[in-house]
Amino acid sequence: MTITEERPAPEANALAELDAHNISAWFGDHKVLDRVSLTMPAGEVTALIGPSGCGKSTFLRILNRMHELVPTASMAGEVLLDGADIYDASRRLTDARHQIGMVFQKPNPFPAMSIYDNVIAGLKLTGTRASRSEKDALVEECLTKGGLWKEVKDRLRAPGGGLSGGQQQRLCIARSLAVRPRVLLMDEPCSALDPTSTRVIEETMLELVKDVTIVIVTHNMQQAQRVSQNCAFFLASHGTPGVIVEHGDTDAMFAEPQDPRTFDYVNGRFG
Numbered sequence: 006m007t008i009t010e011e012r013p014a015p016e017a018n019a020l021a022e023l024d025a026h027n028i029s030a031w032f033g034d035h036k037v038l039d040r041v042s043l044t045m046p047a048g049e050v051t052a053l054i055g056p057s058g059c060g061k062s063t064f065l066r067i068l069n070r071m072h073e074l075v076p077t078a079s080m081a082g083e084v085l086l087d088g089a090d091i092y093d094a095s096r097r098l099t100d101a102r103h104q105i106g107m108v109f110q111k112p113n114p115f116p117a118m119s120i121y122d123n124v125i126a127g128l129k130l131t132g133t134r135a136s137r138s139e140k141d142a143l144v145e146e147c148l149t150k151g152g153l154w155k156e157v158k159d160r161l162r163a164p165g166g167g168l169s170g171g172q173q174q175r176l177c178i179a180r181s182l183a184v185r186p187r188v189l190l191m192d193e194p195c196s197a198l199d200p201t202s203t204r205v206i207e208e209t210m211l212e213l214v215k216d217v218t219i220v221i222v223t224h225n226m227q228q229a230q231r232v233s234q235n236c237a238f239f240l241a242s243h244g245t246p247g248v249i250v251e252h253g254d255t256d257a258m259f260a261e262p263q264d265p266r267t268f269d270y271v272n273g274r275f276g
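Take the sequence shown: its position 177, counted from the start at 1, is 182 in the numbering used here, and no numbers get skipped.
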């Protein structure tokens, strides 16, 4: 891979807090979120829970400006990364995507590209120059953080598409980490994986949160309890837009929820 832009290789960033203020969202005339506000603390995992169709994934995509990729989509409100609005007209779209990475529900490595080149793919997209030794070090570091290095270190030139589903998801995590994001968004990253792979991804998340703030959408209540320190319960009922019913410390929300709807949801009575 030839990289010619004059931006230096990325260095680690300080942990970042993400704040959403009065977020509303639409697809055409259909309103899917109504004035949602949430603080996602630096260096912690925040889980977004709630039944299907309540706006969790839309909210997640708004956090790094992916919502606007949908032609009919619109939004109102602010998303602040350490106090600076990522939607400010003076900020580049690529800057938001660089600082706030995304891991999707279905693993999406570049299948014909090698494991090594998958990891460093983001460098070219962000215009980052790096020497071969810097790339080598970055690949090892990110695959290690992604919990994959020991399994693939002897076959880095093999296609990323040849890995198992769980390994592909960890490769996607490593790829996201290579551009040094300050926040990592994860949209049901384990929903397509078996229990063993899910456990490995969860262990990886608990290690990653030392270096990057994480926001995860999950339908798995046990997963939310295992991996998150903070939790937000989204709900949309009777055709109304999604709102946050309750948010706060994960253990407290599951043990002593303040709203009866939260109690019913976390105890499996609907959703």
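Glycine included, every Cβ here is placed at the ideal spot set by N, Cα and C.
What you are looking at is a predicted structure, and each value in this text was computed from that prediction instead of being measured.
Residue i: first and last residue of the uninterrupted beta strand (DSSP E) it sits in
i	result
Met71	Looking at the DSSP string, Met71 is not in any beta strand (DSSP E), and its letter there is neither H nor E.
Lys36	His35 to Met45
Ile249	Val248 to Asp254
Cys236	Asn235 to Leu240
Member of the options whose CA lies at the smallest distance from the CA of residue i
i	options	result
Gly88	Ser169, Ser233, Pro46 and Ile54	Pro46
Asp141	Leu189, Thr131 and Arg162	Arg162
Leu86	Ala78, Arg96 and Glu193	Arg96
Tyr92	Met71, Lys111 and Gln110	Met71
Met80	Tyr121, Asn113, Gly33 and Leu43	Gly33
Val41	Gln228, Ile67 and Thr131	Ile67
Leu176	Thr209, Val188, Val214 and Pro200	Thr209
Pro116	Glu193, Leu143 and Pro164	Pro164
Ile120	Val144, Thr131 and Asp100	Val144
Asn113	Gln173, Glu146 and Glu261	Gln173
Leu20	Pro262, Val124 and Lys215	Lys215
Cys147	Leu130, Asn123, Asp159 and Arg160	Asn123
Gly132	Val84, His103 and Asp159	His103
His35	Thr77, Phe64 and Gly48	Thr77
Val232	Arg204, Asp159, Val75 and His243	Arg204
Ser202	Arg187, Leu168, Arg180 and Pro186	Leu168
Glu83	Thr99, Gly48 and Asp39	Asp39
Whether residue i touches residue j by CB criterion (8 angstroms)
i	j	result
Ile54	Met191	no
Cys195	Ile206	yes
Gly58	Ala183	no
Gly60	Phe238	no
Val37	Gly247	yes
Gly166	Leu198	no
Gly106	Leu189	yes
Asp269	Val250	no
Ala30	Asn69	no
Phe275	Pro56	yes
His224	Cys236	no
Thr44	Glu73	no
Thr267	Gln230	no
Gln110	Glu193	yes
Residue span of the alpha helix (DSSP H) that contains residue i, given as start and end
i	result
Lys150	Arg137 to Lys150
Leu211	Pro200 to Leu213
Ala179	Gly170 to Leu182
Gly127	Ile120 to Leu130
Leu98	Leu98 to Gln104
Lys155	Trp154 to Val157
One or two residues paired with residue i in a DSSP bridge
i	result
Val222	Leu53 and Asp192
Ser85	It is Leu, not Ser, that sits at residue 85 in the sequence shown. DSSP lists Asp24 and Asp90 as partners of Leu85.
Phe268	In DSSP, Phe268 forms no bridge with anything.
Trp31	Lys36 and Ser79
Thr3	Any answer about residue 3 is impossible in this case: the structure gives the chain only from 6 up to 276.
Met107	Leu190
Pro164	Ser119
(Q) Measuring CB atoms only, is the stretch 22-40 touching the stretch 146-154, in the sense that at least three cross pairs come out at less than 8 angstroms? (A) Cβ pair count under 8 angstroms is below three, so no.
Q. Counting Cβ pairs closer than 8 angstroms, one from the stretch 211-230 and one from the stretch 51-67, do we hit at least three?
A. Taking 8 angstroms as the limit for Cβ pairs, the verdict is that the stretch 51-67 does touch the stretch 211-230.
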